[in-house]
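The listed protein sequences derive, respectively, from chains F and C.
Mapping of the first sequence onto the working numbering: position 13 corresponds to residue 7, and the numbering continues sequentially without gaps.
Take any residue in the second sequence, count from 1 to its spot, add 6: that is its number in the working numbering.
All C-beta atoms in this analysis are idealised placements derived from N, C-alpha and C, irrespective of residue type, glycine included.
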Amino acid sequence: SAVISQKPSRDICQRGTSLTIQCQVDSQVTMMFWYRQQPGQSLTLIATANQGSEATYESGFVIDKFPISRPNLTFSTLTVSNLSPEDSSIYLCSVVGQGATEAFFGQGTRLTVV
Amino acid sequence: RKEVEQDPGPFNVPEGATVAFNCTYSNSASQSFFWYRQDCRKEPKLLMSVYSSGNEDGRFTAQLNRASQYISLLIRDSKLSDSATYLCVVNHGFKTIFGAGTRLFVKA
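Okay, here's the thing in structure tokens:
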């Protein structure tokens, strides 16, 4: 399985600011995804990060609020913009390796907005 | 209807018990199936893939019934360390869809 490094592991941010989360993989992967997991809930897919092009967002998520970059096959960032307390959640990077079907996850970023 | 539905839980069982989790999925074109385990405040980790022929890994047995669109996970001889949330996961196209998870508490 790929080794995934997600940073930061946690942060406390003021309302109205933004947080950028980084996801670095030690090998080239086919797919990279960003999920949100709110307290006591399961994972909700935010978007698929596409290499060299705009991300594909799920219903209810928009680029202005969650801009995503993926400049190459091993790195992606998710920004959560204009933060509000409702954005307090865990954000997870997920990857699927080349030729594989199973997903592996970064350690997650625990965001608290105050 | 949710794309992946699981037993609501929580399951509270004594050590040594056998416990079974069930999961159904709505899209008959789904291609791959998995069980993940998530410990509190940790990321989900792959427990095992699920095949129509069934597969076993130690105390864990997973089964897929494509006709019924049903997935199961059986844990035998439960250990305290099995306490976690178990997520039923289904791939459809390039999407990975997670069930809401079933919480398991194994008590001494």
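- Taking C-beta separations shorter than 6 Å and ignoring five residues to either side along the sequence, the partners of residue 55 (chain C) in its chain run 40, following chain order.
- Residue burial is scored here from C-beta neighbours: residue 103 (chain F) has at least 16 other C-beta atoms within 10 angstroms and is therefore classed as buried.
- Rounded to whole angstroms, the gap between the alpha carbons of residue 89 (chain C) and residue 105 (chain F) is 25 Å.
- Under the 8 Å criterion on CB atoms, residue 96 (chain F) is classed as interfacial with respect to chain C.
- For residue 71 (chain F), the enclosing beta strand (DSSP E) begins and ends at 69 to 74.
- Around the C-beta of residue 58 (chain F), fewer than 16 other C-beta atoms lie within 10 Å, and the residue is accordingly described as exposed.
- Assigned with DSSP and collapsed to three states, residue 81 (chain F) falls in helix.
- Annotation: residue 70 (chain C) to residue 94 (chain C) spans about 11 Å, alpha carbon to alpha carbon.
- Residue environment for residue 65 (chain C): exposed (fewer than 16 other C-beta atoms within 10 angstroms of its C-beta).
- With respect to chain C, the C-beta atom of residue 99 (chain F) has a partner C-beta closer than 8 Å.
- Taking 8 Å as the threshold, the shortest C-beta distance from residue 93 (chain F) to chain C does not fall below it.
- Taken through DSSP and simplified to helix, strand or coil, residue 55 (chain C) comes out as strand.
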